[in-house]
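**Q** Just so you know, the sequences run in chain order A and B.
Under numbering that gives the first Met the number 0, think of the first position of the first sequence as 0, with each following residue one higher.
Under numbering that gives the first Met the number 0, think of the first position of the second sequence as 0, with each following residue one higher.
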Amino acid sequence: MSDAIAAKAASPAHWLVKPAYGWKTVLLIIVTLALLSVSAGRMELHRLSNQLGEFVQASVGLKESSQVGRGIASVTSQMYPIAIAERTPVSLINNFDPEHLPLFSHLETDAVEETALNPETLQMTNRTIEKTFLVEPAGYLTFTLGKMVETVEMAIWASLFAVVMSLPLSWVAARNFTPHPVFYAAARTFISFLRAVPELISALFLVLAFGFGAIAGILALALHSVGFLAKFFAEEIEAADKVPQDAVRATGAGDLAVLRLAVLPQVLPSYTALTFYILDRNIRMGTVIGLVGAGGIGQELKGRYDMFQYDHVATILLIIFVSVLLLDGLAANIRRKLI
Amino acid sequence: MKIHAARKTYLNGPVVLSSVSLRIDPGSFCVVLGASGSGKTTLLRSVIGLTPLDAGEVTVSGTRLSPRTLRRIRRTIGMVHQDFGLSARLTVAQNVMAGTAPGLPIWRLMLQAYPKSVQAKACALLARVGLNETQINRPVSGLSGGQKQRVGIARALINSPTLVLADEPVASLDPQTAHDVLALLREAAQEQGAAVLCSLHQINLSRAFADRIVGLRHGEIVFDGPPMQLTQDMLNRIFGAQREHLSPAVAVA
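Below is the structure:
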């Protein structure tokens, strides 16, 4: 009898294939949907669907206009044409010398209506005055490009500082080389803390401490980068092949020599790749942290945006977009070659 | 070099060494023969303090191995490793010169700027082990297994050691290369007046090169004598009875 049962169980016709999705999966989906619907109410997502619906209706002609459409239209119409030339009133330039104009620039004179108080009659009068402008055809473009270069410089310095700080920190934060477990714990906590503070927030405070400009930006980027680099550097040290390390240690060498002779040659390619990743990231973040006054092209962007000069904003955005794209590709290329 | 009553047990593991005592005479070539897991590697690593012993003591040239003397003793011993232990991205010459690291100032290490005397010695040793000038400035990763172990031997000898430990130095090499490399190790060490303590699992190689064979089984010395005393009976004691089905001819091949 039991033989028959065993034989039945052994036959493939009675095998059970475990279903890919069970009741746990169904429960998980229900709970997730419930949580999302609660959150959707808090996020006012119904407004999103209303506005999008309105926008779609307006764009196919069912409705006269939509809020989203009007917003986009007003910004884009002000963005185009983008600002390329720079027009500066001559009266605002110190020691202006009309005989020696900057390269490729020329002077333009416009008639400008001005309302002024006549001191004798004490009445407002309109008068037309001639104003001379120095026009540099690509002035704003080159200025903004200069700001972008400044951002890249900030990113390079930040990455450099981050590497210099991360190298000794990663030694302490590597379990197999740390001088003492207490140092290990302290270093790991410090590194996690640096990683936990977003650069935009540390930049806010660094601007208060160091004033507006690139220094605050460099420090903010560097601190956050250390949080990443030191962690990954330490993990590379921990994962390095032990055989060459034992071999160097067997000669009577200390930790520092083992690190230099057996660990560094192993981890160098990934260290370089990580550094390039951080540089690439710092360039992207560098454009953003200028928004809080920490230097670079972001600071220019924030200024123009606050003055509603959307044609200048468009130029800035274009330059950021193109340069990040180019540098991204370059960094990715270098990284691929190294790994 | 003297090992006295060495004992080692790994946590929750078997006894790796139980009361092993051994004395190596200057200039001799002593082979520790045994199967995998017999404790050969642990024995060799304990001499140089890479694996600390649970009990027993190691004395090298009259100095007892202790945390205080560890680094000093290591500088008088060269070691050849089973997996070569070379830094693949450093050049051949840099790997050999790395053997002198403990005696050098930090800045020389960091910049890999070795003194002329060290460079000259490294070149002489590399020539001795059969490498030529075009190879010494290339990364080690480009060498064959046999060449890598030749570099390993050169590194082990650069500090003019009194003892060379060789942990399965030819385990990953083909028979002919293994023979050549062991012959080189024996000759080069003899020229420098260094004793060799070499662990092997190949019976034929042990017979061919050893002045003395120490048979290790389950962490105990079961044979100690010159190669000519290594009879089939003794081999059974070292490798266990299941090896009987292997005829000596196969074992030697």
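Built from N, CA and C at the ideal position, the CB exists for glycine as well.
1) Hey, out of Gln111(B), Leu125(B), Glu132(B), Thr133(B), whose CA is closest to Gln148(B)'s CA?
2) Ends of the alpha helix (DSSP H) at Gly302(A)?
3) Measuring only the C-alpha atoms, how far is Ser60(B) from Met0(B)?
4) Excluding five sequence neighbours on each side, which residues of the same chain lie with their C-beta closer than 8 Å to the C-beta of Thr340(A)?
5) Establish whether the CB of Arg185(B) and some CB of chain A are separated by less than 8 Å.
6) Which residue comes first and which comes last in the beta strand (DSSP E) that contains Glu63(A)?
7) In chain B, which residues lie with their C-beta within 9 Å of the C-beta of Asp245(A)?
8) Are Ser205(B) and Pro226(B) close, meaning C-beta to C-beta below 8 Å?
9) Round the Cβ separation of Leu326(A) and Ile282(A) to the nearest angstrom and send it over; I've been treating them as touching at under 8 Å.
10) Count the other C-beta atoms from every protein chain shown that fall within 10 angstroms of the C-beta of Val249(B), then say buried if there are 16 or more, exposed otherwise.
11) Cβ closer than 8 Å: which chain A residues qualify as neighbours of Leu89(B)?
12) With DSSP as the reference, please indicate the residues paired to His3(B) in a beta bridge.
13) Using a cut-off of 9 Å between C-beta atoms, extract the partners of Val242(A) located in chain B.
14) Let me confirm a value: Val25(A) is counted as buried when at least 16 other C-beta atoms fall within 10 Å, else exposed. Which label applies?
15) How many angstroms separate the CA atom of Ile92(A) from the CA atom of Met153(A)?
16) Mapping DSSP to helix, strand and coil, what is Arg335(A)?
17) Residues of chain B with CB under 8 Å from Leu255(A), in chain order?
18) Write down every uninterrupted run of the alpha helix (DSSP H) in the segment 163-204 of chain B whose length is 4 residues or greater and which is fully enclosed by it, in chain order.
19) Could you list which residues in chain B have their beta carbon closer than 7 Å to that of Ala252(A), in chain order?
20) At what residues does the beta strand (DSSP E) containing Asp223(B) begin and finish?
21) Drop a sphere of 10 angstroms on the beta-carbon of Phe320(A), count the other beta-carbons inside from all chains shown, and report buried for 16 or more, exposed for fewer.
22) Taking Thr99(B) as the reference, which of Thr250(A), Asp310(A), Leu290(A), Gly145(A) has the closest Cα?
23) Mind checking Ile128(A): buried by the 16 CB within 10 Å criterion, or exposed?
24) In this structure, does DSSP put His244(B) in helix, strand or coil?
25) Arg185(B) to Phe28(B), Cα distance in whole Å?
26) Closest Cβ-Cβ distance between Ala92(B) and chain A: below 8 Å?
27) For Ala177(B), go through chain A and note every residue whose CB falls closer than 7 Å to its CB, in chain order.
28) Does the CB of Arg248(A) have a neighbour CB from chain B at under 8 Å?
29) Does Arg67(B) come within less than 8 Å of chain A when only Cβ atoms are used?
30) Suppose the cutoff is 7 Å on Cβ atoms and the five residues either side in sequence are ignored; what does the same chain contact list for Asn117(A) look like?
31) Whose Cβ in chain A lies nearer than 7 Å to the Cβ of Ala153(B)?
32) How about Leu181(B) and Lys39(B): are their beta carbons less than 8 Å apart?
33) Determine whether the Cβ of Leu267(A) lies closer than 8 Å to any Cβ atom of chain B.
34) At which residues does the beta strand (DSSP E) containing Ala57(A) begin and terminate?
35) Using a Cβ cut-off of 9 Å, pull out every chain A residue sitting near Asn158(B), in sequence order please.
36) Between the C-alpha atoms of Phe238(B) and Gln231(B), what's the straight-line distance to the nearest angstrom?
**A** Reading from the atomic positions:
1) Comparing alpha carbon positions, the residue from Gln111(B), Leu125(B), Glu132(B), Thr133(B) closest to Gln148(B) is Leu125(B).
2) 296-305
3) Straight-line spacing of the CA atoms in Ser60(B) and Met0(B) works out to 6 Å.
4) Residue 340(A) is absent from the structure shown; chain A starts at 0 and stops at 338.
5) no
6) Element bounds for Glu63(A): n/a, residue is neither H nor E.
7) Arg44, Leu49, Met78, His80, Gly84
8) yes
9) 5 Å
10) Note that Val249(B) scores a pLDDT of 45, beneath 50, so its modelled location is shaky; the value from the coordinates is reported in the next line. For Val249(B), the number of other beta carbons within 10 angstroms of its own is below 16, and it is reported as exposed.
11) Leu260, Pro264
12) Paired residue(s): Glu56(B).
13) His80, Gln81, Asp82, Phe83, Gly84, Leu85
14) exposed
15) 29 Å
16) Arg335(A) falls in the helix class under three-state DSSP.
17) Ile105, Leu108
18) 174-191
19) Ala100, Pro101
20) For Asp223(B), the enclosing beta strand (DSSP E) starts and ends at 219-224.
21) Exposed is the call here.
22) Thr250(A)
23) It is exposed - the Cβ of Ile128(A) has fewer than 16 other Cβ atoms within 10 Å.
24) Note that His244(B) scores 48 on pLDDT, short of 50, meaning its location in the model is unreliable; the coordinates nonetheless yield the value given after this. Helix.
25) 7 Å
26) At a cut-off of 8 Å between beta carbons, Ala92(B) makes no contact with chain A.
27) Chain A residues near Ala177(B): none, gap ~19 Å exceeds 7 Å.
28) Arg248(A) has a beta carbon lying within less than 8 Å of a beta carbon in chain B.
29) no
30) Thr124
31) Neighbours of Ala153(B) on chain A: none; closest Cβ ~13 Å, over 7 Å.
32) With contacts defined by Cβ atoms closer than 8 Å, Leu181(B) and Lys39(B) do not form a contacting pair.
33) yes
34) Note, Ala57(A): premise wrong, no beta strand (DSSP E); alpha helix (DSSP H) at 44-58.
35) Thr250, Gly251
36) 10 Å
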